[in-house]
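Sequence order for the protein chains is A and B. Numbering-wise (this note's numbering), the first sequence opens with residue 407 and increments by one. Numbering-wise (this note's numbering), the second sequence opens with residue 407 and increments by one. Note that beta-carbon positions come from the ideal geometry of N, C-alpha and C, so glycine has one too. Some notes on the structure that comes next.
2 protein chains.
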Amino acid sequence: MTMPRTPQRIALAQALEQTPQFRSAQQLHAHLLQEGHEVSLATVYRHLNALAEAGALETRNLSGGETRYRQCRSSGTHHHLVCRDCGETTDVADTSVEQWVQRVGDRHHFTDIRYALELSGLCAGCQHAPTG
Amino acid sequence: MTMPRTPQRIALAQALEQTPQFRSAQQLHAHLLQEGHEVSLATVYRHLNALAEAGALETRNLSGGETRYRQCRSSGTHHHLVCRDCGETTDVADTSVEQWVQRVGDRHHFTDIRYALELSGLCAGCQHAPTG
DNA sequence: TTGATTGCAAAGTGTTTGCAACTAG
DNA sequence: CTAGTTGCAAACACTTTGCAATCAA
């Protein structure tokens, strides 16, 4: 159970700390290189998988086979509203969906319910801009 | 806008008709071969993409880069409750989430809101079975 | 006839892994 | 010293695509 505090691991942890956004292994890797850290893509993948497996990261599967990761944050549930044009992300704190989900599970006799909700739209600043 | 009714296309359409389950391109391809149809994997992929793009199929991205498809059924909005153990899929018809989403969008001055909600749990039959 | 469709095999993506060198503790 | 970690390059799984042959209308 020893666990070396290698510079790579530390750098990745910091990168994950920085934003609440979901980012891909490749994005994170590029980010680390830009910051001057020496890490290989393989190492990034390895840590990401380990962290996700340990429950420290949330994951999201995109079309194209890409997986994005982000650190588990607030204990309270919240969702993200992402602007499809500029990418701006807003946290949405609200528990009504949570309650609804619980009810649905009960009604269908399902237990250990998990759910993922993704919201996207056009933010105030992007509503007149053409999407392309 | 001609559109040949090829045996491959017909067979695939029938296969999609058969179950409400999400299935991968490879699963569908294997299924078709078993039924005695001659189709290439490439063709299955091509049709699946076309149908999904046209809005005739719903898709789901799994970890591992796999995409699963199934035919769109009810016109009204609904969600899916999937059993993590046996894969059984239940449709959940309910509009309260829809309304909530709309409210959230308004509150943040976002327009053209889209959302995706995925629900998973353990169905009644799988609640005592070990997950492995 | 003619444009859409098909199959094949090659190419492409994102991710994983074997292995030898390396390093934190 | 030694188990865990790293980088590289090869391997993987799923999907996409170029192209020539084929087929439906």
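Excluding the 5 residues flanking it on each side, Ala419 of chain B has no same chain C-beta neighbour closer than 8 Å. Annotated three-state conformation of Val498 of chain B is strand, per DSSP. With 16 or more other CB atoms across the displayed protein chains lying within 10 angstroms of its CB, Arg474 of chain A is buried.
Not one beta carbon of chain B lies nearer than 7 Å to the beta carbon of Cys478 of chain A. Contact annotation: Cys529 of chain A and Phe428 of chain B have beta-carbon atoms that are not nearer than 7 Å.
In terms of Cβ geometry, Val498 of chain A and Val510 of chain B form a close pair [threshold 7 Å]. Against Leu457 of chain B, chain A offers no close residue; the least beta-carbon distance is about 15 Å (beta-carbon pairs closer than 9 Å). In chain order, Ser469 make up the part of chain A whose C-beta sits under 7 Å from the C-beta of Thr473 of chain B. Annotation: Cβ neighbours of Asp500 of chain B in chain A (cutoff 8 Å, chain order): Trp506 and Val510. Taking the C-beta atoms as reference points, Ala421 of chain A is found nearer than 7 Å to His437 of chain A. In the structure shown, the three-state DSSP call for His485 of chain A is strand.
In the DSSP assignment, no residue is bridged to Arg415 of chain B. Note that the C-beta distance between Thr495 of chain B and His485 of chain B is not below 7 Å. Here the region 458 to 477 of chain A does not lie against the region 437 to 446 of chain A, with fewer than 3 beta-carbon pairs under 8 Å apart. The beta carbon of Phe516 of chain A falls within 7 Å of a beta carbon belonging to chain B, placing the residue at that interface. The beta carbon of Ala431 of chain A lies closer than 6 Å to those of Val450, Tyr451 and Leu454 in the same chain, with the five residues before and after it left out. Excluding five sequence positions before and after Ala417 of chain A, the CB atoms of its chain that fall closer than 8 Å to its own CB belong to Leu438, Glu441, His443 and Val445, given in chain order. Within chain A, the residues whose beta carbon sits less than 9 Å from that of Arg520 of chain B are Arg490, Glu524, Leu525, Ser526 and Gly527, listed in sequence order. Between Gly531 of chain B and Gln414 of chain A, the alpha-carbon positions lie close to 45 Å from each other. Neighbourhood of Val503 of chain A in chain B, by CB distance below 7 Å: Val503 and Trp506, in chain order. Interface annotation, Leu447 of chain A: not in contact with chain B, CB-CB separation never under 7 Å.
With 16 or more other Cβ atoms from the protein chains shown falling within 10 Å of its own Cβ, Gly527 of chain B counts as buried.
Chain order gives the chain B residues near Ala530 of chain A as His514, His515, Phe516 and Thr517, where near means a beta carbon separation below 9 Å.
If you draw a straight line from the Cα of Ile519 of chain A to the Cα of Glu524 of chain B, it is about 10 Å long.
Secondary structure at Glu504 of chain B: helix, using DSSP grouped into helix, strand and coil. In the displayed model, Gln427 of chain A falls within coil according to three-state DSSP, outside both helix and strand. When secondary structure is reduced to three states using DSSP, Glu459 of chain A falls in the helix class.
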